[in-house]
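Going by the working numbering, the first residue of the sequence shown is number 1421, and it counts up by one from there. Notes follow once the structure below has been shown.
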Amino acid sequence: MNSQQTNIARANQYLTDQTKLSTLRFITCGSVDDGKSTLIGRILYEAQILFENQIETLKKESMKSGTQGNEIDFALLLDGLEAEREQGITIDVAYRYFTTKRRKFIVADTPGHEQYTRNMVTGASTADVAVILVDARKGILEQTRRHSIICSTLGIKRIVLAINKMDLVDYDHDIFDHIEDDYRSFANQLNFESITPIPISALNGCNILQQATQTEWYKGPTLMGFLETVETRRLLTDDPFRMPVQWVNRPNLDFRGFAGTIAAGHIKIGQNVRILPSGETANIKEILLFKDALSYAEADQAVTLTLDREIDISRGDVIVAADAPAEISDHFEIELMWMDQEPGYSGRSYLLKLGTSLVSAQITDIKHKININSYEKLSANKLELNDLSVVTLKTDQPITFEKYKDCAGLGGFILIDRMSNQTVAAGMIKFALRRARNVHVHKLDIDKSARQSLNGHKSKVLWFTGLSGSGKSTIANALELELHSRGIRTYILDGDNIRHGLNNDLGFTDADRVENIRRISEVAKLMVDAGIVVITAFISPFKAERTMARALFEDGEFIEVFVDTPLALAESRDPKGLYKKARKGELPNFTGIDSPYEAPDNPEMRVYTDTQDLDVIVKSLIAQMEL
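See below:
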């Protein structure tokens, strides 16, 4: 055998050996400047997996941007963004892959800064173990607690409490014990199965790969010794089969395949499966991996499945084991991590993405949020950045799901803001609410079209929005008089009138304003279903709620009318004396003064009460309605 053949044989043997190694995903987290990036950089360096040119580049970067003088700054291996290097903090999640003789590793170095907690959630969502670093000089900090609670919520069961920078406290045993006691006292309330405290110095390599002589009093494992031997979480392949359909592959009339990544379990040719939410069943005919035909596939593999009979399946459906189907519901109790600068409110509508499903969803109740320091449950009427809360949430249609603790792939989701398309929250399904399974839409014989036919006209909603004093109620009243004279059945929902009855329990905070419009939207929907022309006159200051209201109606049924009156003119009218009170501070949360008004971008109509006559406005509105 020549040298080339020998090298090929060694390479093949190496690849074979690698396939036999288990993989551990772990995350490093903790507060700012606790040494997370330095720790991973030290591990990569001491494991001798860096190339010589990488080490040389690291030395040069350390001289330019490092914080260790003439020594190597290992954190620079991870701090890839220029902003991170300039500030000396981690902003994004940095993933690194490495291998030892005993195991393969995927490590996520996550931000410690409170502002970037949302990025830490991303890294923790797939981790088996969390290495929580604590600066020995500072002890347990608020961000240490926040990250620990998030790890617990996301189902991480094994924690390494890496008490770092022991060299800066002279490797003091008492300090180590004190920090361990503090952390265990706090973590008793969390769902961890094991906590392994290790005294380390990431900068000096103390107790990373080798036992350190400076900590002779410590008899536990080194960090890498622990990571190489710790048990990973339960294998996904042991769970029932679950595959969200990502794409229906139909290249020609003779082939229909359903592509997706297997979220849990395994599948084989001939296996009986169920399609949710329809409930149809079939047998697996083929399992395809690009051009290869497989007899078997398992969790994390991306495959295309074909069935032995034709079934109507689309993106968002889930193929599951027929004898162990997932659940279906539209109302849930959720653990929610809020990740946006803008607050979240009960009643506001968002997009929910779970697996390949995308549906509309509303937070129906904020049950409580969690005090990061004490784990105490606190009442709340809104969700703010980094709040971890328990809420109830309703989707506009039933979705296929699992409890997050049973299957993260079908139990974890994100909420997306409808206006900005930004991810605002990450959620974990705890369970479906029982009432969701017992409340069903009852089909009636008389529908909206029948009522419209009886009335002799279409039903619509004219949604007037604008500042207080802009003229909404005046226009609405004049419009209803004209429509009534023409035999059109109408009803006005006016802000002041509604607050004397249906919404008399609501104030004027942002949260109450959101709920006010949610209720009005539902009432207007019922009235349109009854065949009536509904005229609403509300400030409705937020775009998100107006978008939510529009989504309740069919195309052409919702006409947004922006009464575009300058603040100065509306304030000069001040028919109720509200602006004067607001200017004096006697009326807090008043729109246009100390609470924002978000003007519509593309309303169906824009009217100007300062330049247009009332008769002209009414005629243009009737023309727009196309009754």
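Backbone N, C-alpha and C fix where the C-beta goes; we use that ideal spot for every residue, glycine too. Predicted model only: the values in this text are computed from it and were never measured.
Taking the alpha-carbon positions, what's the residue i to residue j distance?
i     : j     : result
K1524 : R1445 : 9 Å
E1651 : T1520 : 16 Å
D1587 : A1632 : 11 Å
F1518 : L1441 : 12 Å
D1732 : L2047 : 38 Å
I1792 : R1735 : 38 Å
C1571 : R1578 : 9 Å
D1712 : V1554 : 49 Å
E1965 : S1605 : 44 Å
Q1691 : T1726 : 11 Å
L1882 : D1737 : 36 Å
G1699 : D1743 : 12 Å
E1942 : Y2017 : 22 Å
E1974 : D1949 : 11 Å
T1458 : L1610 : 28 Å
V2027 : T1681 : 51 Å
Q2044 : I1687 : 56 Å
V1953 : S1879 : 5 Å
G1951 : Y1515 : 57 Å
F1661 : G1625 : 44 Å
P2008 : T2029 : 27 Å
L1771 : S1621 : 45 Å
D1837 : H1788 : 22 Å
Q1630 : F1612 : 27 Å
G1767 : Q1782 : 6 Å
L1647 : D1925 : 55 Å
L1501 : E1562 : Residue placement at L1501 is poorly supported in this model, since its pLDDT is 38, which falls under 50; the coordinates still yield a value, given next. Near 25 Å, if we compare the C-alpha coordinates of E1562 and L1501.
Would residue i and residue j qualify as a contact pair, given that the criterion is a beta-carbon distance under 8 Å?
i     : j     : result
F1678 : V1693 : no
A1607 : N1801 : no
L1774 : F1821 : yes
D1529 : I1460 : yes
L1853 : E1753 : yes
T1564 : S1715 : no
I1895 : I2037 : yes
I1849 : K1814 : no
I1959 : G1915 : yes
L1798 : W1758 : no
L1899 : T1956 : no
S1780 : A1971 : yes
Y1603 : I1569 : no
G1891 : T1776 : no
Less than 8 Å between the CB atoms is what I'm expecting for residue i and residue j, so what's the real figure, rounded?
i     : j     : result
L1922 : R1933 : Rounded, the Cβ-Cβ distance is 15 Å, inconsistent with contact.
S1888 : T2011 : 6 Å
A1719 : A1741 : Going by Cβ atoms, the distance from A1719 to A1741 rounds to 13 Å, so no, they are not a contact pair.
D1674 : A1702 : D1674 to A1702, Cβ: 18 Å. No contact.
I1595 : A1544 : At roughly 27 Å, the Cβ-Cβ gap does not stay under 8 Å, so I1595 and A1544 are not in contact.
L1696 : I1748 : 6 Å
With 16 other CB atoms within 10 Å as the buried threshold, where does residue i fall?
i     : result
G1455 : buried
Q1817 : exposed
H1904 : exposed
T1885 : buried
V1580 : buried
E1730 : exposed
F1471 : In this prediction, F1471 has a pLDDT of 47, which is less than 50 and means its spatial position is unreliable; what the coordinates show is noted afterwards. F1471 is exposed by the Cβ-count criterion.
P1619 : buried
N1936 : buried
T1443 : exposed
L1623 : buried
K1639 : exposed
K1585 : buried
D2033 : exposed
So with Cβ pairs under 8 Å, would you call residue i a contact of chain C?
i     : result
G2005 : No chain C is part of this structure, which consists of one protein chain only.
Determine which residues share a DSSP beta bridge with residue i and list them.
i     : result
P1619 : I1583
V1551 : T1448 and V1580
Y1911 : V1954
Q1782 : S1769 and K1814
R1664 : Going by the sequence as given, residue 1664 is Pro instead of Arg. Looking at the DSSP assignment, P1664 forms a beta bridge with V1738.
V1881 : V1954 and F1978
W1758 : A1845
S1749 : I1819
H1788 : V1810
G1832 : M1848
M2025 : V1981
Y1517 : I1526
T1701 : R1694
Less than 7 Å separating the Cβ of residue i from some heavy atom of the ligand MN?
i     : result
L1727 : This structure lacks the ligand MN, and indeed carries no ligand of any kind.
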